[in-house]
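Novice: Before I ask anything, here is the structure I am working with.
2 protein chains.
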Amino acid sequence: MAKNRDTLKGKFTVPLPDSGPTSLKDLALHLGLSPTTLSMVLNDSPQAISIPADTKRRIFDGARELNYRPNYLARSLRVQKTRTIGVIVPELSDGYSAVVLNGVESALSAADYFYLTTSHLHRDDLLEKLPRVLMERQVEGIIAVNTPIRFKATLPVVNVSGHDEIEGVTNVVLNHHQAAELGVGHLYNLGHRRIAALKGPEFSADTFIRWQTMSAAAEKRGIPFEKVLTVQLQGDSPSPEVGYTAMKSLLARGERFTAVLAFNDISAIGAIRALEEMGLRVPSDVSVLGFDDIYAAAFHNPPLTTIRQPLFEMGNIAARTLLSRLKNDDVPPNVDIEPTIVVRLSTLRVSAS
Amino acid sequence: MAKNRDTLKGKFTVPLPDSGPTSLKDLALHLGLSPTTLSMVLNDSPQAISIPADTKRRIFDGARELNYRPNYLARSLRVQKTRTIGVIVPELSDGYSAVVLNGVESALSAADYFYLTTSHLHRDDLLEKLPRVLMERQVEGIIAVNTPIRFKATLPVVNVSGHDEIEGVTNVVLNHHQAAELGVGHLYNLGHRRIAALKGPEFSADTFIRWQTMSAAAEKRGIPFEKVLTVQLQGDSPSPEVGYTAMKSLLARGERFTAVLAFNDISAIGAIRALEEMGLRVPSDVSVLGFDDIYAAAFHNPPLTTIRQPLFEMGNIAARTLLSRLKNDDVPPNVDIEPTIVVRLSTLRVSAS
DNA sequence: TCGTTTTAGTAAATCGTTTTAGTAATTTTA
DNA sequence: TAAAATTACTAAAACGATTTACTAAAACGA
């Protein structure tokens with residue numbers, strides 16, 4: 003309340019140092035200038051050219067002295083820009099989102115943007131609510147990661163691994179056709195003909211397209227996936243458990259196969275455990291192919307052969323695309339990301355038995 | 003600009019549906035009431051008791067009809083509350099921060115709080131700048147994860163894995179003494195006497211205390227760590243690479259040991275790779291003990307014996323502690339978290355050779 | 001019936017900035 | 001030397017809410 007105390011014997015009204023943060027008005031009062039002048043000078047606005055250099059110095063010095071920090075809320079309200087974007091991910095600790103987010107952050111912080119992270123946990127109510135509350139918070143745009151867009155994109159939206167063409171949404175998406183060619187081609191070239199498949203979970207944005215392209219690539223080579231060698235991942239845990247369980251149930255069918263095409267590295271790791279518990283060695287008895295190339299893939303035992311998705315880059319590009327949409331306000335076409343195959347030791351030429 | 007268009011023949015001024023979001027003033031105009039009344043009713047403030055039920059209904063209906071969403075900036079500016087907290091982590095994709103963050107998010111979203119995430123990447127300039135910009139953004143509090151506090155805590159701060167007693171900072175911290183007893187005790191009880199140690203990287207907040215307590219636990223059992231069996235992790239990559247490199251250089255010394263005490267699971271995984279490349283089998287030749295119990299630990303080959311830090315809970319408790327500080331504004335004492343040991347297959351009784 | 005209370009609201013201040021539209025004093029130009 | 005331009009600023013409006021302090025009309029109480 004009493005931000006300024008009159009010192010009885012002094013000639014100046016000095017702001018109390020400890021009564022909350024210094025506002026522009028406080029500083030103006032302290033310097034005997036108007037807030038307008040300070041604002042112009044501190045923001046180096048065009049009008050500030052008429053302000054003499056030593057007044058400017060006084061202002062900068064005063065700002066430093068009183069530790070003046072502009073109030074973000076007030077400024078954002080006035081200029082109608084928040085330099086904040088909203089990010090929606092399925093879950094944070096799944097080893098996928100975090101790396102994408104890392105790429106997002108790197109691009110955003112370079113542009114002095116911040117972001118609010120929210121997780122939808124595959125819940126319908128959150129998928130509807132999160133975009134709304136983010137927009138209430140005046141985010142300038144939204145990056146969705148592996149997340150279905152169930153809202154009208156009234157502001158720029160970039161979807162990482164989104165496969166639907168939605169008005170106002172730019173997709174940053176892996177070239178799944180190429181990924182399937184690389185993956186299935188690799189196993190085929192190693193001589194594998196009976197390939198088991200761990201299909202992605204129902205709710206994952208990538209499941210459908212990946213399954214479709216992989217199936218096509220297999221069919222094209224005359225080795226269509228067999229239903230009895232296919233099992234779908236269940237549950238949304240970010241642990242290898244889901245791959246383990248799936249492979250267990252597949253093994254219970256008693257079918258023979260020489261290779262496993264897993265939905266991702268995490269499930270591949272779980273699958274390997276299940277195979278070994280069954281006495282099957284990877285890769286000598288069964289080859290296992292992962293997807294993503296998460297950090298753990300290279301150091302697993304055996305090191306995983308996998309289709310690499312450049313997750314950091316995908317996040318980074320998503321953020322940069324969003325930022326450029328905020329500048330230009332025209333919607334760029336979808337961005338294609340090229341996968342690569344990283345051949346390690348979990349896949350092997352099928353033995354001539 | 004022209005938010006309202008006069009329909010020449012109509013008797014009402016109808017707000018254009020597509021000229022930006024509806025403000026309270028727009029809605030008030032539309033309903034023929036004052037913003038004051040709407041605000042009172044929509045926020046169910048005490049004064050609203052005098053407003054008759056059907057007026058209230060009109061207001062709610064109108065709000066729904068025009069899709070009115072209060073502007074977060076304006077409201078926050080006025081009430082001086084942002085329901086936002088700042089989070090500072092070293093890096094997002096290290097498998098540690100993401101899980102802690104998950105716990106943070108879970109607690110915050112339950113309380114209708116949002117958070118801004120920032121990474122300091124172990125850079126001094128960012129360690130100084132990030133708290134400042136977060137405070138400029140009017141966060142109500144800060145959660146630091148594994149991060150040194152280099153700023154004056156002028157608002158509530160909770161530090162996860164912080165070991166310094168700092169005015170205004172509540173630490174949520176693992177009971178490292180207990181962790182060391184569990185870890186060293188486990189290896190000792192298995193008969194290990196020459197134990198190699200992978201010391202944490204220079205910059206990690208946990209390095210010093212963990213090293214100190216582990217050393218003490220080893221000394222207490224008469225098997226102090228030997229310098230020649232100790233190596234420090236270098237570099238801040240979140241990959242097992244750093245553990246691999248460290249173990250390589252340790253092995254180059256040609257010393258004998260029967261167990262490795264790793265700084266964390268990630269480095270343990272890298273170390274195992276280095277050992278096996280050297281022809282040493284884990285656990286039959288060398289036992290390896292990890293720390294953290296990340297998801298990958300259970301599914302590694304061999305499954306890692308490790309000291310479990312409940313990372314999700316730590317983040318969750320940190321957030322809940324911060325929220326309660328925001329309510330009470332008294333600083334609670336530090337929160338101690340109990341570790342447990344998860345015995346899997348990477349450690350084994352030392353053979354009687 | 002007159003004064004008080006209650007009802008049903010509204011006007012204006014406020015939060016802390018930025019920006020638009022000035023203004024008074026000085027300097028330059030014609 | 002008078003008009004125009006420049007210099008060095010400031011007052012007030014605006015952003016979009018909330019909150020305090022009112023007010024006019026109706027209802028109530030004695």
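Protein chains in written order, with the working numbering: chain A, 3 to 355; chain B, 3 to 355.
Glycine included, every Cβ here is placed at the ideal spot set by N, Cα and C.
Values in this document were obtained by computation on a predicted structure and should not be read as measured data.
Would a C-beta distance cut-off of 9 angstroms place Leu235/A and Ala198/A closer than the cut-off?
Specialist: To locate residue 235/A, count along the first sequence from 1; it is residue 233. To locate residue 198/A, count along the first sequence from 1; it is residue 196. Taking 9 angstroms as the Cβ cut-off, Leu235/A and Ala198/A do not qualify as a contacting pair.
Novice: For Ala146/A, which residues in the same chain have their Cβ closer than 6 angstroms to its Cβ, ignoring the five residues on either side in sequence?
Specialist: Numbered from 1 along the first sequence, position 144 holds the residue referred to as residue 146/A. Answer for Ala146/A: Ile90 and Asn161, listed in chain order.
Novice: Could you name the residues of the same chain whose beta carbon sits closer than 8 angstroms to that of Gly185/A, not counting the 5 residues immediately before and after it, in chain order?
Specialist: Numbered from its first residue, the first sequence carries residue 185/A at position 183. Answer for Gly185/A: Met216, Ala219, Leu263, Leu291, Phe293, Ile309 and Ile343, listed in chain order.
Novice: Under a Cβ-count criterion, where at least 16 other Cβ atoms within 10 Å of its own Cβ denotes burial, should Ile339/B be classed as buried or exposed?
Specialist: Working through the second sequence from its first residue, we reach residue 339/B at position 337. Looking at its Cβ environment, which holds 16 or more other Cβ atoms inside 10 Å, Ile339/B is buried.
Novice: In this structure, how does DSSP classify Val333/A when only helix, strand and coil are distinguished?
Specialist: Here residue 333/A is taken as the residue at index 331 of the first sequence, counted from 1. Looking at Val333/A - three-state DSSP - the assignment turns out to be coil, as it is neither helix nor strand.
Novice: Restricting to Cα atoms, I'd like to know which of Ser111/B, Leu44/B, Asp46/B and Asn73/B is closest to Leu325/B.
Specialist: Position 323 of the second sequence, counted from the first residue, corresponds to residue 325/B. Out of Ser111/B, Leu44/B, Asp46/B and Asn73/B, Ser111/B has the C-alpha closest to the C-alpha of Leu325/B.
Novice: Counting Cβ pairs closer than 8 angstroms, one from the segment 256-273 of chain A and one from the segment 59-78 of chain A, do we hit at least three?
Specialist: no
Novice: Would you kindly work out how many angstroms separate the C-alpha atoms of Pro226/B and Ala298/A, rounded to a whole number?
Specialist: By 1-based counting over the second sequence, the position of residue 226/B is 224. By 1-based counting over the first sequence, the position of residue 298/A is 296. Looking at the two C-alpha atoms, the distance is approximately 32 angstroms.
Novice: Name, going along the chain, the residues of the segment 265-279 of chain A whose beta-carbon falls closer than 9 angstroms to a beta-carbon of chain B.
Specialist: Ile268, Ile271, Gly272, Ile274, Arg275 and Glu278
Novice: Would you verify that the beta carbon of Leu18/B is, or is not, closer than 9 angstroms to some beta carbon of chain A?
Specialist: The sequence position of residue 18/B within the second sequence is 16, counting from 1. Residue placement at Leu18/B cannot be trusted, given a pLDDT of 44 that sits under 50; what the coordinates show is reported in the next sentence. Chain A contact via Cβ: absent.
Novice: By Cβ distance, which residues of its chain are closer than 6 angstroms to Phe205/B, with the 5 residues on each side in sequence left out?
Specialist: Taking the first residue of the second sequence as 1, we reach residue 205/B at position 203. Result list for Phe205/B: His124, in chain order.
Novice: Along chain A, in chain order, which residues have C-beta atoms closer than 7 angstroms to that of Phe210/B?
Specialist: Taking the second sequence and counting its residues from 1, the one referred to as residue 210/B is at position 208. Going along chain A, no residue has its Cβ under 7 angstroms from Phe210/B, so there is no contact; the nearest lies around 26 angstroms.
Novice: Does the beta carbon of Pro242/A sit closer than 9 angstroms to a beta carbon anywhere in chain B?
Specialist: Residue 242/A sits at position 240 when you count from the first residue of the first sequence. It does: the Cβ of Pro242/A has a partner Cβ on chain B nearer than 9 angstroms.
Novice: If you compare alpha carbons, which of Pro158/B, Lys58/B and Gly22/B is closest to Thr38/B?
Specialist: Locating residue 38/B in the second sequence gives position 36, where the first residue counts as 1. Residue Lys58/B is the option with its Cα nearest to Thr38/B.
Novice: Hey, does Thr84/B have any beta-carbon neighbour from chain A nearer than 9 angstroms?
Specialist: Stepping through the second sequence from its first residue, residue 84/B is reached at position 82. Output row for Thr84/B: interface = yes.
Novice: Given this structure, state the Cα-to-Cα distance separating Val171/B from Leu35/A, to the nearest angstrom.
Specialist: On the second sequence, position 169 is the one that residue 171/B refers to. On the first sequence, position 33 is the one that residue 35/A refers to. So the alpha carbons of these two residues sit roughly 38 angstroms apart.
Novice: Please say whether Asn266/A and Tyr98/A have beta carbons closer to each other than 9 angstroms?
Specialist: As a first step, residue 98/A must be located in the first sequence, where it is residue number 96. As a first step, residue 266/A must be located in the first sequence, where it is residue number 264. Contact: yes.
Novice: Less than 9 angstroms between the C-beta atoms of Ile307/B and Val345/B, yes or no?
Specialist: As a first step, residue 307/B must be located in the second sequence, where it is residue number 305. As a first step, residue 345/B must be located in the second sequence, where it is residue number 343. Residue 307/B is actually Thr in this sequence, not Ile. Yes, the pair counts as a contact, with Cβ atoms nearer than the cut-off.
Novice: Using DSSP with H/G/I as helix, E/B as strand and the rest coil, what is Ala220/B?
Specialist: Your numbering for residue 220/B matches position 218 in the second sequence. If DSSP states are grouped into helix, strand and coil, Ala220/B belongs with the helices.
Novice: How many whole angstroms separate the CB atoms of Tyr117/A and Thr84/A, which I take to be in contact at a CB cut-off of 8 angstroms?
Specialist: If you number the first sequence from 1, residue 117/A lands on position 115. If you number the first sequence from 1, residue 84/A lands on position 82. Contact doesn't hold; Cβ gap of about 11 angstroms is too wide.
Novice: Tell me whether Val233/A is buried or exposed, calling it buried when 16 or more other Cβ atoms sit within 10 Å of its Cβ.
Specialist: Taking the first sequence and counting its residues from 1, one reaches residue 233/A at position 231. Buried: at least 16 other Cβ atoms inside 10 Å.
Novice: Can you pull the chain A neighbours of Ala100/B, defined as C-beta to C-beta under 7 angstroms?
Specialist: The count along the second sequence starts at 1 and reaches residue 100/B at position 98. Residues of chain A passing the Cβ test: Leu94, Ser95 and Ala100.
Novice: On the three-state DSSP scale, how would you describe Leu347/B?
Specialist: The residue you call residue 347/B lines up with position 345 of the second sequence. It is coil, neither helix nor strand.
Novice: At least one CB of chain A closer than 9 angstroms to the CB of Leu347/B: is that the case?
Specialist: Here the question's residue 347/B lines up with position 345 in the second sequence. Closer than 9 angstroms: no.
Novice: Please check if any C-beta of chain A sits within less than 9 angstroms of the C-beta of Ala30/B.
Specialist: On the second sequence, residue 30/B is found 28 positions in, with the first residue counted as 1. Not one beta carbon of chain A lies nearer than 9 angstroms to the beta carbon of Ala30/B.
Novice: With respect to the beta strand (DSSP E) encompassing Ser78/A, which residues constitute its N-terminal and C-terminal limits?
Specialist: Your numbering for residue 78/A matches position 76 in the first sequence. Run containing Ser78/A: none in the beta strand (DSSP E); it sits in the alpha helix (DSSP H), Tyr74 to Val81.
Novice: Using three-state DSSP, classify Tyr70/A as helix, strand or coil.
Specialist: Here residue 70/A refers to the residue found at position 68 when the first sequence is read from its first residue. Three-state result, Tyr70/A: coil.
Novice: What is the DSSP secondary structure of Tyr297/A, reduced to helix, strand or coil?
Specialist: Taking the first residue of the first sequence as position 1, residue 297/A is located at position 295. Helix at Tyr297/A.
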